[in-house]
Structures are given as C-alpha cells and as structure tokens.
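If you number the sequence shown the way our numbering does, the last residue is 218 and the count never jumps. So the structure is just underneath, and the comments pick up after that.
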Amino acid sequence: MYYTYMLRCSDNSIYTGMTNNLSNRLSQHISKGKNAAKYTKSHNVIGLEIAWKTKNKSSACKLEYQIKQLSKKQKECLINGEKLSSFFSGKIDCRKYRKFSIKTL
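See below:
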C-alpha cells in the first residue's frame with residue numbers, strides 16, 4: 114500500500130507528501146531527522162490531517178501532484194471532508210483512493 118497524506122504545521126500551513134509507510138514517515142517529519150522533507154524541517158509538524166491509501170506508488174504520486182496544485186482553501190475543503198472527485202474528476206481516477214483512518218496509526 115501507498116499513502117498520500119496532508120500534515121498541518123504550526124504556522125497553519127499544509128504539507129502534502131506520499132509514502133509506503135505512513136507512521137514511519139510521520140515520525141521522520143516530526144523528528145526533523147535527515148530523512149525529513151526540507152519543508153517540514155523548517156515548519157513544525159503538529160499533526161496528520163488526512164490520508165488516502167492506494168495500491169501503487171504511481172497512483173500515490175499522481176494524487177500528491179494534484180493536491181499540490183490546489184489552493185490552501187481547496188486543501189482545507191479536502192481536510193474537512195470534501196470528496197476527491199470534487200476537485201480531480203477527469204484528472205485522476207478517484208476510485209483508486211480510499212480515505213485512510215488516522216486512528217489506525
């Protein structure tokens with residue numbers, strides 16, 4: 114499984130990324146270790162907002178790219194429950210993605 118995720122930072126910014134190990138990647142961002150993203154090294158991560166799982170890396174990368182093209186307001190809508198198809202219909206096959214329960218981390 115691969116995951117595309119959105120993190121909230123202490124300055125209220127949103128970081129979007131993808132991984133095949135969500136709990137490990139989140140730990141890397143929070144610890145600001147050598148494997149953390151450049152962005153999260155300079156922006157304190159306060160939590161995981163939302164994540165989607167998919168079967169392959171290609172699909173996860175496509176969703177990550179599409180989310181990064183959105184405005185902050187649109188990203189907030191996704192975090193607050195708006196469906197992927199509201200923004201990406203015709204751009205990606207939204208049926209390939211399942212919202213991932215954060216409680217399972």
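Note that beta-carbon positions come from the ideal geometry of N, C-alpha and C, so glycine has one too.
Please name the residue in K185, Y116 and S171 whose C-alpha comes closest to that of C122.
K185
Let me confirm a value: S126 is counted as buried when at least 16 other C-beta atoms fall within 10 Å, else exposed. Which label applies?
exposed
Top-ranked residue by Cα proximity to H156, from K145, W165 and A164
K145
Given a threshold of 16 other Cβ atoms within 10 Å of its Cβ, counted over all protein chains shown, does R211 qualify as buried or as exposed?
exposed
In whole angstroms, what separates the C-alpha of K175 from that of I159?
25 Å
Rounding to the nearest angstrom, what Cα-Cα distance links L135 and T117 in this structure?
9 Å
Test item: CB-CB of S119 and E162 under 9 Å:
It should be pointed out that residue 119 corresponds to Met in this sequence rather than to Ser. Yes, Cβ-Cβ distance for M119 and E162 is below 9 Å.
For Y152, which residues of its own chain have a beta-carbon under 7 Å away from its beta-carbon, when the five flanking residues on both sides are left out?
Y128
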